[in-house]
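See below for the structure under consideration.
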Amino acid sequence: MVAVIAPWKDTLTSGEHSLIFYSLVIAGLALLGYLLKTALSLSEVGTKYRPAVLASIGITGIAFVSYVVLVIKFDIGYDPKGSNWVPNSDALLSWSPRYMDWSVTVPLLMIELIAVSALTGALARRVRFLGVGGAFAMIFTGYLGGVVIDNGENLGALWLWGVISGLFMVGLYVLILFTVLKTLPGLEAEARGSYRNAMILLMVIWFAYPIAFGLQGFASGGGRTTAMQVVLSFADIVAKVGFAVLIHKVAKLRTAQDVNNGTDTHPEAVWMSGVKHSNSIQPSVQAPAVAAPAAQPRFRRNQK
Amino acid sequence: MVAVIAPWKDTLTSGEHSLIFYSLVIAGLALLGYLLKTALSLSEVGTKYRPAVLASIGITGIAFVSYVVLVIKFDIGYDPKGSNWVPNSDALLSWSPRYMDWSVTVPLLMIELIAVSALTGALARRVRFLGVGGAFAMIFTGYLGGVVIDNGENLGALWLWGVISGLFMVGLYVLILFTVLKTLPGLEAEARGSYRNAMILLMVIWFAYPIAFGLQGFASGGGRTTAMQVVLSFADIVAKVGFAVLIHKVAKLRTAQDVNNGTDTHPEAVWMSGVKHSNSIQPSVQAPAVAAPAAQPRFRRNQK
Amino acid sequence: MVAVIAPWKDTLTSGEHSLIFYSLVIAGLALLGYLLKTALSLSEVGTKYRPAVLASIGITGIAFVSYVVLVIKFDIGYDPKGSNWVPNSDALLSWSPRYMDWSVTVPLLMIELIAVSALTGALARRVRFLGVGGAFAMIFTGYLGGVVIDNGENLGALWLWGVISGLFMVGLYVLILFTVLKTLPGLEAEARGSYRNAMILLMVIWFAYPIAFGLQGFASGGGRTTAMQVVLSFADIVAKVGFAVLIHKVAKLRTAQDVNNGTDTHPEAVWMSGVKHSNSIQPSVQAPAVAAPAAQPRFRRNQK
Amino acid sequence: MVAVIAPWKDTLTSGEHSLIFYSLVIAGLALLGYLLKTALSLSEVGTKYRPAVLASIGITGIAFVSYVVLVIKFDIGYDPKGSNWVPNSDALLSWSPRYMDWSVTVPLLMIELIAVSALTGALARRVRFLGVGGAFAMIFTGYLGGVVIDNGENLGALWLWGVISGLFMVGLYVLILFTVLKTLPGLEAEARGSYRNAMILLMVIWFAYPIAFGLQGFASGGGRTTAMQVVLSFADIVAKVGFAVLIHKVAKLRTAQDVNNGTDTHPEAVWMSGVKHSNSIQPSVQAPAVAAPAAQPRFRRNQK
Amino acid sequence: MVAVIAPWKDTLTSGEHSLIFYSLVIAGLALLGYLLKTALSLSEVGTKYRPAVLASIGITGIAFVSYVVLVIKFDIGYDPKGSNWVPNSDALLSWSPRYMDWSVTVPLLMIELIAVSALTGALARRVRFLGVGGAFAMIFTGYLGGVVIDNGENLGALWLWGVISGLFMVGLYVLILFTVLKTLPGLEAEARGSYRNAMILLMVIWFAYPIAFGLQGFASGGGRTTAMQVVLSFADIVAKVGFAVLIHKVAKLRTAQDVNNGTDTHPEAVWMSGVKHSNSIQPSVQAPAVAAPAAQPRFRRNQK
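Protein chains in written order, with our numbering: chain A, 1 to 304; chain B, 305 to 608; chain C, 609 to 912; chain D, 913 to 1216; chain E, 1217 to 1520.
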């Protein structure tokens, strides 16, 4: 077996330690900020597109919890020694929770993506099923090579499971492209632009993950670990918060379109960047019952 | 007394340790994700079926708390020793909270199941009472054999209480089948399919629990413990999240059906996988009071 | 002074330890489950009866926090020694928080009870005042005898304060019976049944508390402590969750009655066990202002 | 310098320890209970008076956090030694967080008070500004004498800053009386009674604080510390929860009055102690747009 | 390299320790109070201006978490030694989380500011993009000089990165002034006053940050560190809570204006300081569908 060094075993300089701390914490805080924002603005989006927003709430909520663990374990997982920080047995958990987070959030990302796309009914369900399954398989196989087998220090296993994971990644790209091509023609101009940007953003930023994975096999030292942690934190912000911002925009634009078409009602006007996209409109009222209820009496006080 | 070895007493290899950690954490995160999703989408379902959604919020909330404890105790309950992890006195609590979680969540599962079924009134209350009681008895008797008596290391007690617990399980299957057979004929085609799938899923995945229980008596070693923890975590995801997804689908379909029949109103349109199932419709307005209230004056500013 | 042994000073066998752990945790989880359920279904009940639901949210929220403390202190308050668990100085806090919880939740229970009863106006306020004060006095005097004076190990103080506490308990029973007798005649049949069941449940389960208190003076040993902890956990589930379930049912039935009578409006239909009790109905609309506001213009896009 | 002994330096008997623990915990639980209640019943009060309720949410939320710290630090800040408890360096934080809590919550109390009073516009803003500033100054100067200077053990500093703090207190009483006298004439009878009771309650209970402050200079010993902690916990319950209950009552009564006058609409009927004070009434509907939106088509299924 | 002493390395007197504790805790509590207030009053502001409120929720939520960390690390990061407190290796984290908080909250502040300004559409997006990017760059470069490079103890790096950070600050001032000048003419008198006050407040208080940064290079000792911590805590309260209060006022005034103009509907009346600014008004109702739904039957009980 050709041995490599796992990223949670490198000694860090104090500057590296400060940079990793910084990138872990701001990723966590950015996720928290978006979680609060999106959970409190759920009603801005019509019920048709709400699964996308609910998925992004799940994604940012789960990832926030994961970063809380990463930060705490990074804090207690390295001991100061002169001007360096030396890892102890807790340091593993400043790394491996990333895989556990991704195992749940990347499948949710596929649900988020499909919920604002034009696929419907049985086709939507089939693509969603494949996307969720493929995303999980991509992460789990990466975890096998990167952490489980020989503590992630076996170059052969890294290669083997990295390649298998990569194949699932290729499958996901195909699925995403299929969804995108089915969706783009039916969207109005403004929504089409945001939708396209969201998909490009996702498919570009995802390259950061295999690159970071590769560094586990082909480099070592504190600088390598710092690069991995900083890149992954940045990629998580982009893929979870940045992507969700664009998807949320698509969902709002499509909600306004549905209201303007008369396809759906929405109790609040849809505004974006100070521009109104649709009026507030309430549902039609149920026809009155045959026998009207007794009138609620007008009164001033002392009535039971 | 024939002694067996309790699962929280086995030494684990680092690979086994990583796999258990992974399965505990992703079960916890999946429960958290569904908890957020379902709590924030409560209004999608009509008040008739809301007890089902409230039950699934209780189930995922409680199970999430339980997994937080399992994860923390698994983290501090095993000490690294060379390339192995040796359990200490905290390791018991990386196992026994499962029974405490189930003691509350399996009864809630029965409530969830009945709330989307066709049983109503006194019959619904009677079946619910039996289901809740039987579910609790099934778990509590398992806890007696698996943890309380001789620390779960007495094969005779495992057999005795395992069989008693199994009898309650048989009773629950009968109760579920009775409910299902009463319900299926009255459902529309699409709801019937999801309802049937939910019930099959539940009755299949529940087999995982007695199998894991049996491993306590008939196997030992870290591989056995790993299998038990991974299987139980997976089964909890399926029985709690997967089942709830299907039940939620039934509840939404039945809500739409009630709106379309004029049986109930619903302020939001019901959409599923991009397909609209019912319009938004608001309740009829109360007849005006005899003496109309004084009109709210139109104004611009500076009024108290 | 005749000395007795406080329940937090007994050594426990591992079976006793497992049973207490189990009863504390499932009481906490049951409280959490009901807290989530009731907080998320607040709107099911009309504003008239909402104080009852808000009280039960306070009760289960506070008791849940109390059980979190009980569980944590029970976990760290006993050290394993051979096959036994020996208490340390933290063990007191696996017991005394019960009194602190009750000091706030039993007064709230009186508020919950009165809010669905027929007492109104000044009479309701007077009974509520007496109920809240008497409930607090009942618990506080019990705490003096059971914990404060000589660490709860003085038999004379146990007798003295136990009797005083018991007198307040008798007063509360009188107050509850007065309220019940005033209320029952005015309720419709179904609400009357649930209301009566709730009151019987409460007045029966409350006997568990003085019995457990008495065991502090007249028994000792781990079995005694186990009995006390299990009984009190069970009684808390019944008096807090079971009672609230019945009170919530009364509140829903009375809400439906008010809607059917035209006494109040309710935006959602009231359903219970699959049976509809009242339609959804919205409030009447304010008469239009003298000068109608300028119409919100219909448009497609690009407007500020 | 004449030295006194700070309250967090006294040794406590076990009875004193149990009484302080009790008073700290029940104050925290009472605050939690009211926080839950008031946050979940925000919609019961009209938007005009909502700043009062939002202020009381801030007050109870902040004070609850403060009591969590007080309880934790009291738990770990005293070590058992025979039948006594001896303070360690954590004991300071079982006392000083009170000042930090008050520095934010007493200014919020002034906002709460003014929001249900009759002052409006520029006058309201000016009184609010003075009230917030004076309240902060009153607490901060007390903190300087009671904790910062010579660890609160300098009698001269206690006198000096106690007197300055007292002068701000006198200013606040003047401000409150001014507000009350401006408000009382305009209120209806029932609201006037509750408003007056709230103000009397506040101005009486506030005397507890300077009395407790004085005990720091003129007494010592565990009994003194116990008296201070118990009195302050009780005063916090009264000034935060009791006062808020009365202010909430005023806000509800004034809301009902505004609905009955036609000054405002309110979607829910206002009920208090089983008596209805105003009907539910919804806002008038916007005049229809020139071009009506296309009708939402009636349908059964399979539509996008 | 000219060395300076980092602020987290100074020994503190007990008075300095008490003052820093006080300022950290009250900043945290003020942020918590405003977080609760603003999250629970979100609906007071129209959907057009809601991004401003959502941003302030993110800002106060993130800053609250950051202050929790600062307080905990300040508590455990200094050990008592005689009448002084000596920092240990945890003390760094009673300082550096400020930069992590600012890295996310200052960009959010730019979003908050722009959301109540008059910029719309593409111009709003461009200014927002520059504001977010510039704000992040300002903080990150400050972190490089103040913490990362040589532990913030290299005077040259402090100068270099301080100047670069200052240049970004100048850019932000230009951007803010541009936005303000575009916005002021279009606002009504009352909103214009609050808007102008908010912007002056922000641009004045921001000077506190570079002044505190400068103290790292040109002063040392516990008094210096105390001044830095107190000033930054105060500045955070003003820039996060005080600024948000004014922005919220602008958003409410503009919401009322939109309702009065007929530009938007709002289900609640807008009241400020006891003065009504606009009536409650609901959206127009969707035209009835071609085929009216079957009427919801009037009934009493026992219907499914």
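Beta carbons: idealized from backbone N, C-alpha and C, even for Gly.
Around the C-beta of residue i, are 16 or more other C-beta atoms found within 10 angstroms, so that it is buried, or is it exposed?
i	result
Gly-1043 of chain D	buried
Thr-1434 of chain E	In the sequence as displayed, the identity of residue 1434 of chain E is Phe instead of Thr. By the neighbour-count rule (16 or more Cβ atoms within 10 Å), Phe-1434 of chain E is not buried but exposed.
Ser-421 of chain B	buried
Ile-380 of chain B	exposed
Arg-1010 of chain D	buried
Ile-1278 of chain E	buried
Asp-687 of chain C	exposed
Ser-1381 of chain E	buried
Leu-1403 of chain E	buried
Ser-1305 of chain E	exposed
Gly-332 of chain B	buried
Ile-1236 of chain E	buried
Leu-70 of chain A	buried
Leu-1093 of chain D	exposed
Ser-588 of chain B	buried
Ser-18 of chain A	buried
List, in order along the chain, the chain B residues whose C-beta lies closer than 8 Å to that of residue i?
i	result
Gln-286 of chain A	Gly-566, Thr-569, Ile-585, Gln-586, Pro-587, Ser-588
Residues of chain C with CB under 7 Å from residue i, in chain order?
i	result
Leu-434 of chain B	Those within 7 Å of Leu-434 of chain B in chain C number zero; the least Cβ separation is about 14 Å.
What does residue i reach in chain D if we use C-beta pairs closer than 7 Å?
i	result
Ile-1242 of chain E	Met-1012, Ser-1015, Val-1016
Looking only at DSSP bridge pairs, what is residue i linked to?
i	result
Trp-271 of chain A	A:Lys-276
His-266 of chain A	A:Ile-281
Trp-693 of chain C	C:Leu-620, C:Pro-688
Ala-1219 of chain E	E:Asn-1370
For residue i, which residues in chain E fall below 9 Å Cβ to Cβ?
i	result
Ser-1001 of chain D	Asp-1295, Pro-1296
Who are the neighbours of residue i on chain C, taking C-beta pairs under 8 Å?
i	result
Arg-429 of chain B	Ser-881
Find the residues of chain A that neighbour residue i, judging by a C-beta separation of less than 9 Å, and give them in chain order.
i	result
Asn-1367 of chain E	Ser-14, Gly-15, Ser-18, Ser-83
Thr-1302 of chain E	Checking the displayed sequence, the identity of residue 1302 of chain E turns out to be Val instead of Thr. Result: empty, since nearest Cβ-Cβ is about 16 Å, beyond 9 Å.
I want to verify the contact list: residues of chain E whose CB lies under 8 Å from the CB of residue i, in sequence order.
i	result
Ser-233 of chain A	Within 8 Å Cβ-Cβ: nothing; Ser-233 of chain A doesn't reach chain E, min ~11 Å.
Ala-30 of chain A	Val-1320
If the cut is a Cβ gap below 7 Å, which residues of chain B does residue i touch?
i	result
Lys-240 of chain A	The premise fails here: Lys-240 of chain A is roughly 13 Å from chain B at the closest Cβ pair, so nothing lies under 7 Å.
Any Cβ of chain G within less than 8 Å of the Cβ of residue i?
i	result
Val-878 of chain C	The question asks about chain G, but that chain is absent: this structure's protein chains are A, B, C, D and E.
Name the chain C residues whose beta carbon is nearer than 9 Å to that of residue i?
i	result
Glu-956 of chain D	Thr-655, Arg-658
List, in chain order, every chain A residue whose beta-carbon is nearer than 7 Å to that of residue i.
i	result
Leu-550 of chain B	Those within 7 Å of Leu-550 of chain B in chain A number zero; the least Cβ separation is about 12 Å.
Can you list the residues of chain E that residue i reaches, using a CB-CB cut of under 7 Å?
i	result
Tyr-1055 of chain D	Tyr-1238
Using the beta-carbon of each residue, which ones in chain B are nearer than 9 Å to residue i?
i	result
Ile-306 of chain A	Within the shown structure, residues of chain A are numbered from 1 to 304, placing residue 306 of chain A beyond reach of any answer.
Contact between the stretch 1341 to 1360 of chain E and the stretch 1474 to 1494 of chain E (3+ Cβ pairs under 8 Å): no
Cβ pair count under 8 Å reaching 3, the stretch 165 to 182 of chain A against the stretch 233 to 246 of chain A: no
Segment contact flag, the stretch 360 to 372 of chain B with the stretch 86 to 96 of chain A, C-beta cutoff 8 Å, min 3 pairs: no
Stretch pair the stretch 491 to 500 of chain B + the stretch 425 to 435 of chain B: three plus CB contacts closer than 8 Å: no
Continuous alpha helix (DSSP H) assignments of at least 4 residues falling wholly in the stretch 1032 to 1059 of chain D: 1033 to 1055
Three or more C-beta pairs below 8 Å linking the stretch 1153 to 1160 of chain D and the stretch 1010 to 1026 of chain D: yes
Segment contact, 8 Å Cβ cut-off, at least three pairs: the stretch 829 to 839 of chain C with the stretch 865 to 879 of chain C: no
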